[in-house]
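These notes concern the structure reproduced below.
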Amino acid sequence: MATLLYRLGRTAFRRRWLVVLLWAVILGGAGVGAATAPASSDDSTSFMPGIEAQKAFDLIGERFPGTDANGADARIVFVAPDGEKVTASGNRAAIDALVTDAADEPKVLSAVSPFTAGAVSEDGSTAYATVNYKVKAEDLTDADKAALEKAIAEARTSGLTVEVGGTALAEQPAAGGSAEAIGIGLAAVILLITFGSLAAAGLPLLTAVIGVGTSMAAIMALGSVFGLSLTTGTLASMLGLAVGIDYALFVVSRYREERANGHAPSEAAGLAVGTAGSAVVFAGLTVVIALAGLTVVGVPMLTKMGLCAAGAVVIAVLVALTLVPALLGMWPNAVLSRRTRKSRAVREAADNGGTRWARFVLRRPVAVLVACVAGLGVLALPAASLEMGMPGAESKPVSSTERRAYDALADGFGAGFNGPLTIVVDAKDAADAKAAVTAIAKKIGATDGVVSVSPAQFNPAGDTALVSAVPATGPNDEKTKDVVQTIRAERAALERETGATFEVTGSTAMNIDIADALQSALFPYLAVIVVLALLLLLVVFRSVLVPVKAAFGFLLSVLAALGSVVAVFQWGWGAELLGVEQAGPIMSLMPIFLVGIVFGLAMDYEVFLVARMREAYVHGDRAPDAVVSGFRHSARVVVAAAVIMIAVFSGFIGSGESMVKTIGFGLAVAVLFDAFVVRMALVPAVLALLGDKAWWLPGWLDRLLPRVDVEGAGLTAPSPVPGDHPAPREPARV
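If you count by my numbering, then the sequence shown holds residues 223 to 956, one letter each, in order.
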């Protein structure tokens with residue numbers, strides 16, 4: 223591996239113009255494909271196949287032709303002034319006028335008045351009208367929205383408080399690159415401080431931007447084919463930017479080191495790609511394994527996000543191995559620090575902060591180990607209280623009309639009104655379809671926790687009906703989940719009695735089923751990625767205990783990160799500082815996605831740091847000295863890489879999309895814990911306690927495992943290449 227990459231690095235350095243031209247063609251081709259590709263359709267009709275709520279959702283689309291279950295809707299809520307009722311003549315006239323105006327729009331499927339639908343609260347203070355559209359929310363034009371907004375504004379002139387929920391007028395997340403810009407700006411400052419050279423700081427940023435640009439253009443070009451969403455692209459850009467900077471950073475850092483050791487530019491580039499590049503390849507593989515493993519979860523959207531992000535990581539690895547050495551060939555001395563360019567002597571790496579820290583840990587390994595485990599264990603405690611759900615309008619700021627509509631409905635009709643259950647009754651095999659539907663609706667209405675059941679709505683064939691059941695508790699209340707389970711438990715008896723069957727769906731039931739399915743998939747997913755990554759690390763480090771230690775450290779950091787997410791987003795500790803308006807359940811997709819990404823990133827730092835220790839150990843250092851050597855050469859760069867990742871992920875905390883905000887925070891704190899607590903403290907403490915045993919491998923296993931030479935033991939110094947210019951040397955000091 224090291225020899226192959228060494229040759230690749232030298233070739234890219236010497237054929238730099240060809241390599242740059244190839245990447246320009248790739249980026250340009252992807253850009254043209256993105257510009258000419260049709261808009262993405264992002265088909266979400268089958269979010270999670272196999273769960274009951276999804277099957278019922280699909281049945282609605284099949285049995286009710288001409289309706290789009292994904293069509294936009296607007297729930298317009300009217301609140302009468304104090305002391306008045308919405309049924310007063312003036313208020314009623316204003317509401318009827320709004321409904322009439324809305325119904326006249328060409329894309330409106332139906333607009334139902336609250337007075338005909340019985341959608342008036344018992345005290346008469348609140349009412350709502352439902353407007354359903356023939357098309358999805360993203361297909362509504364500005365003119366369509368403006369027509370509804372005008373009707374709402376006219377209704378408000380009557381003195382009514384009018385708020386609107388639903389998807390028709392909901393604000394869509396902006397597609398701007400402010401988060402990426404913030405991350406790049408912070409990364410530039412960190413790189414400049416780390417390298418002391420504008421060229422060395424700019425090169426990783428340039429190559430990372432090229433890699434992300436290529437990835438995002440490819441996603442846009444393929445969006446219409448695979449239904450890739452805005453969230454998919456955001457997460458791919460998040461990871462692509464972070465690892466792209468880090469991977470280039472490690473190659474450039476090793477190049478500078480080899481130049482300081484007296485190697486000619488092309489030789490230094492080859493050695494950098496052969497050693498640091500080997501670590502980049504295997505670090506990237508661990509991230510790809512973790513992301514591609516999301517396919518086992520069974521959520522199409524999660525699979526798309528994982529595969530797109532994995533593709534972005536692959537491109538980042540290829541950029542680091544080819545484009546970075548090519549650009550180094552164009553400016554072989556510019557990336558060196560001013561001191562190195564002016565110096566004339568080859569100096570051994572001096573003691574630095576990393577060396578001093580490693581020696582401190584080696585003197586007190588037990589105390590450091592206990593402190594790390596105890597500290598992360600305390601931070602992980604809130605994770606035991608994790609509640610998963612799909613936050614809706616209740617999580618929006620109170621300044622939004624969606625949140626005010628949600629609160630008005632809860633005040634006027636009860637907390638459960640914002641999360642009604644949709645019962646799809648399949649009476650195709652019943653002797654008397656209407657009688658069967660009536661019996662089922664009556665039984666559901668008598669279920670504890672159900673406050674009301676709407677009249678049945680039959681399809682044109684008369685063999686399927688929809689019934690809406692309103693629970694007494696809110697959408698994310700644990701009691702609502704109990705109600706859903708109770709209703710489903712009654713199905714077998716009702717089917718025998720009526721000959722008809724039913725399924726429960728709606729957003730509330732869908733969220734409950736998704737949370738249950740993801741919880742069931744979490745452990746198989748963990749098993750898949752952990753086993754595959756352990757095998758990969760076993761090959762890389764040729765050690766049994768080092769991969770096990772890596773997995774243990776990952777579990778500590780991810781649980782601590784998840785505990786922090788629960789404390790902030792579920793319990794509300796410091797939530798206002800991050801722009802979280804309302805604490806509540808953690809989005810169901812977030813924990814499993816966080817686990818996958820953090821696992822890959824944790825293995826990144828494990829490979830980068832421990833590979834340098836392994837390199838020193840293979841070249842003859844004692845086990846404790848190898849730890850110190852690894853920190854001497856890698857600590858500063860690993861710290862810089864971690865800070866860059868934290869900066870990039872923190873930039874996404876400002877996103878208006880709750881899942882991206884939560885994942886950005888979770889990844890930022892996970893990298894903080896993993897890099898600075900686990901890899902910088904727990905890892906050297908464990909290696910100090912293990913000594914030479916850390917690198918133990920049974921003889922039979924040693925013979926079976928392939929040798930990839932990630933530490934570069936097989937590299938020899940080839941003869942100088944014509945045209946190479948060795949690094950300037952200063953006179954030897956006496």
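Beta carbons are placed, not taken as given, at the ideal position from N, Cα and C, and that holds for glycine.
Inset, instruction - Under 8 angstroms Cβ to Cβ from Asp670, same chain only, skipping five residues before and after it: list those, please. - result: Val705, Thr708
Legend entry - Rounded C-alpha distance that separates Pro813 from Val503: 27 angstroms
Inset, instruction - Determine the DSSP secondary structure at Asp265, reduced to helix, strand or coil. - result: Summary for Asp265: the model assigns pLDDT 48, below 50, so the residue's position carries little reliability; its value from the coordinates is reported in the next sentence. Coil at Asp265, not helix or strand.
Inset, instruction - Assess, as a yes-or-no matter, whether the segment 626-633 is touched by the segment 716-724 under the definition of 3 or more beta carbon pairs within less than 8 angstroms. - result: no
Inset, instruction - Assign Val689 to one of three DSSP states: helix, strand, or coil. - result: strand
Legend entry - Trp239, buried or exposed, once every other Cβ within 10 Å from all chains shown has been counted against 16: exposed
Legend entry - Cut-off 7 angstroms between Cβ atoms - residues of its own chain near Ala252, not counting five sequence neighbours on either side: Thr436, Ala439, Ala440, Ala443
Legend entry - Straight-line gap, Asp843 to His485 (C-alpha atoms, nearest Å): 22 angstroms
Inset, instruction - Count the other CB atoms, across all protein chains shown, that sit within 10 Å of the CB of Val588; report buried if there are 16 or more and exposed otherwise. - result: exposed
Inset, instruction - Let me know the secondary structure DSSP gives Asp648 once reduced to three states. - result: strand
Legend entry - Cβ-Cβ separation, Gly455 to Val357 (assumed contact under 8 angstroms), whole Å: Not really, about 23 angstroms apart at Cβ, beyond 8 angstroms.
Legend entry - Chain-order list of residues whose beta-carbon lies under 8 angstroms from that of Val330 (same chain, five-residue window excluded): Ala324, Val353, Asn354, Tyr355, Lys356
Legend entry - Own chain partners of Asn733 with C-beta closer than 6 angstroms, once the 5 adjacent residues on each side are dropped: Gly611, Met612
Inset, instruction - Taking Ala657 as the reference, give the member of Asn640, Ser674, Phe635, Ala687 with the closest Cα. - result: Ala687
Legend entry - Beta-carbon separation (whole angstroms), Leu382 vs Phe300, contact threshold 8 angstroms: 5 angstroms
Legend entry - Terminal residues of the alpha helix (DSSP H) in which Thr508 lies: 487-514
Legend entry - Three-way DSSP call (helix, strand, coil) for Val299 in this model: strand
Inset, instruction - State whether the segment 539-551 contacts the segment 776-791, with contact taken as three or more CB pairs (one from each stretch) at a distance under 8 angstroms. - result: no
Legend entry - Contact check, Gly506 vs Val539, beta carbons under 8 angstroms: yes
Legend entry - For Phe871 and Val334, the rounded distance between their alpha carbons: 45 angstroms
Inset, instruction - Within its chain, find whatever has a CB closer than 6 angstroms to the CB of Leu226; leave out the 5 residues flanking it on each side and keep chain order. - result: none
Inset, instruction - Let me know if Gly801 comes out buried or exposed under the rule of 16 or more other beta-carbons within 10 Å of its beta-carbon. - result: exposed
Inset, instruction - Out of Lys526, Leu911, Val908, point me to the one whose CA is closest to Gly449's CA. - result: Lys526
Inset, instruction - Could you please give me the residues that DSSP links to Glu725 through a beta bridge? - result: Val646
Legend entry - Bounding residues of the beta strand (DSSP E) (the contiguous stretch that carries Gly957): This structure cannot speak to residue 957, because the chain is shown only from 223 to 956.
Legend entry - Local Cβ density within 10 Å of Asn574, reported as buried at 16 or more and exposed below that: exposed
Legend entry - Option nearest Phe235 by Cα separation, candidates Leu831, Gly636, Val600, Ala490: Ala490
Inset, instruction - Could you tell me whether the segment 758-768 touches the segment 307-319, using the rule of 3 or more Cβ pairs below 8 angstroms? - result: no
Inset, instruction - Would you mind reading off the limits of the beta strand (DSSP E) that contains Gly388? - result: 383-388
Inset, instruction - Could you say if the segment 720-732 and the segment 643-659 meet the contact criterion of at least three C-beta pairs nearer than 8 angstroms? - result: yes
Legend entry - Sequence-distant residues of the same chain with beta carbon closer than 6 angstroms to Arg569, five excluded per side: The pLDDT assigned to Arg569 is 49, lower than 50, so where the model puts this residue is not dependable, and the model offers no usable value.
Legend entry - Helix, strand or coil at Ser621 [DSSP, three-state]: coil
Inset, instruction - Assign Ala368 to buried or exposed, taking buried as 16 or more other Cβ atoms, counted over all protein chains shown, within 10 Å of its Cβ. - result: exposed
Inset, instruction - List the residues that DSSP assigns as beta-bridge partners of Gln741. - result: Gln741 is not bridged to any residue.
Inset, instruction - Using 10 angstroms around the beta-carbon of Val447, count the other beta-carbons present and answer buried if the total reaches 16, otherwise exposed. - result: exposed
Legend entry - Which listed residue (Gly597, Leu740, Ala749, Val321) has its alpha carbon closest to that of Ala377: Val321
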